[in-house]
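>
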Amino acid sequence: MSHLIKGVQMEGWRKMGDPAERARKYYAEGADELLYIDVVASLYERNNLADIVRQVASETFVPITVGGGINSLEAAKALLDVGADKVAVNTGATKCPELLNEISDTYGSQAVVLSVEAKRLPNGGWTAMTDNGRNHTGREVVGWVEEAARRGVGEVLITSIDQDGCSKGMDLELIAAVSAVVDIPVIASGGVGAMEHVRAGIDCGASAIAIAKALHTDEQNLLDLRKMLAQSGVPVRPYAEKEMPGV
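Residues 163 to 409 (my numbering) make up the sequence shown, in order.
Structure (structure tokens):
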């Protein structure tokens with residue numbers, strides 16, 4: 163059985179509910195996209211999100227991005243075949259960057275996302291980590307993002323380990339640095355606790371903001387966030403709340 167979980171700085175994971183139920187709720191509230199990451203997939207050399215992806219894809223009608231344990235073209239295919247629109251690759255790409263080329267060449271750049279766990283360095287800059295910040299890749303984040311863009315990824319999902327789960331705001335310098343070097347969409351994650359944090363991330367160059375804790379704990383809801391962002395001048399997709407079974 164799959165559980166929706168959330169931690170702080172990618173540690174201390176705790177259960178937050180049923181992933182399918184939450185997907186229906188967020189879809190009904192106007193989510194532009196749903197993101198599923200199996201946070202221990204690479205650690206345990208597994209990828210077992212197929213069932214939940216299949217279920218959610220049959221009940222919602224927004225793009226679904228899935229990551230965790232994607233270390234081969236076959237692993238990407240397995241998730242795309244059951245309803246994922248995109249696969250997010252982190253550990254597999256750091257070990258074999260050519261995997262990004264393979265997925266992009268086979269399914270198109272729109273189907274492959276580079277996922278980066280970024281840890282701020284004491285002397286400036288950020289290093290790319292894997293396995294929830296446990297393992298160093300030896301890659302500098304900005305350079306790695308540039309390389310991935312050249313290899314054909316269609317988006318970058320950048321998560322600040324330092325800000326993750328803290329609800330105190332995003333790493334705006336990180337967002338700006340990554341957004342400045344690529345022409346593809348940058349999805350920023352880590353630190354959202356209020357609407358102002360979302361607006362700040364967009365103002366720094368992010369094309370979209372991924373929110374976890376603030377929504378999972380019901381501190382924020384997407385309907386209110388969308389309204390406040392629109393009122394503050396941020397372009398948002400017009401949306402009418404849906405009635406979903408079980409929400």
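By construction, the Cβ of each residue, glycine as well, lies at the ideal position given by its N, Cα and C atoms.
Where does L276 fall in DSSP's three states?
DSSP places L276 in strand when its eight states are reduced to three.
> What residues in its chain sit with their C-beta under 6 Å from that of D465, if we drop five residues either side in the sequence?
This structure leaves residue 465 out entirely; the chain is present only between 163 and 409.
> Can you check which of these residues, G286, L241, G287 and L283, is closest to I265 by C-alpha distance?
When only C-alpha atoms are compared, the closest one is L241.
> Let me check one thing: in DSSP terms, what residues is E302 bridge-paired to?
DSSP output for E302 lists T289 as bridge partner(s).
> Quick check: what's the CA-CA separation for V344 versus E191?
Near 31 Å, if we compare the C-alpha coordinates of E191 and V344.
> Rounded to whole angstroms, what is the Cα-Cα separation between A339 and I346?
Their Cα atoms are separated by approximately 13 Å.
> May I ask you to report which of helix, strand or coil DSSP gives N297?
N297 falls in the strand class under three-state DSSP.
> Could you please give the first and the last residue of the uninterrupted alpha helix (DSSP H) stretch that includes L410?
What is shown of the chain runs 163 to 409, which leaves residue 410 out entirely.
> Could you pull the DSSP bridge partners for A434 from this structure?
This structure does not reach residue 434, given that the chain is present from 163 up to 409, and the question cannot be answered.
> From V218 to V228, what distance separates their C-alpha atoms?
Spanning the two alpha carbons is a distance of roughly 12 Å.
> Give me, in chain order, the residues of the same chain whose beta-carbon lies closer than 8 Å to that of R313; leave out the 5 immediate sequence neighbours on both sides.
P259, E260, L262, N263 and S266, listed in sequence order.
> What are the residues that DSSP puts in a beta bridge with K248?
Note: K248 sits in a beta bridge opposite T227.
> Considering only their Cβ atoms, is the gap separating M390 from G363 smaller than 8 Å?
Cβ atoms of G363 and M390: not closer than 8 Å.
> Could you say if the region 289-296 and the region 236-251 meet the contact criterion of at least three C-beta pairs nearer than 8 Å?
Result no; under three Cβ-Cβ pairs closer than 8 Å.
> Pick helix, strand or coil for V396, following the three-state DSSP scheme.
Of the three classes helix, strand and coil, the one that applies to V396 here is coil, per DSSP.
> Beta-carbon of E317 versus every beta-carbon of chain E: anything under 8 Å?
You won't find chain E in this structure, because it holds only one protein chain.
> Contact defined as beta carbons within less than 8 Å: I believe D200 pairs with N210. What is the distance between those atoms, to the nearest angstrom?
Confirmed, Cβ separation roughly 7 Å.
> Please state whether DSSP places K330 in a helix, a strand or coil.
Looking at K330 - three-state DSSP - the assignment turns out to be coil, as it is neither helix nor strand.
> Measuring CB to CB, does G286 end up less than 8 Å from D326?
No, Cβ-Cβ distance for G286 and D326 is not below 8 Å.
> Looking at S271: is its Cβ nearer than 8 Å to the Cβ of L319?
No, these two residues do not count as a Cβ contact at 8 Å.
> Looking at C-alpha atoms only, which residue of Y189, E183, L196 and A185 is the closest neighbour of A372?
Looking at the Cα atoms, L196 is the closest of the given residues.
> Taking the runs of the alpha helix (DSSP H) that are 4 residues or longer, which of them lie wholly in the region 309-357?
334-341, all fully within the region 309-357.
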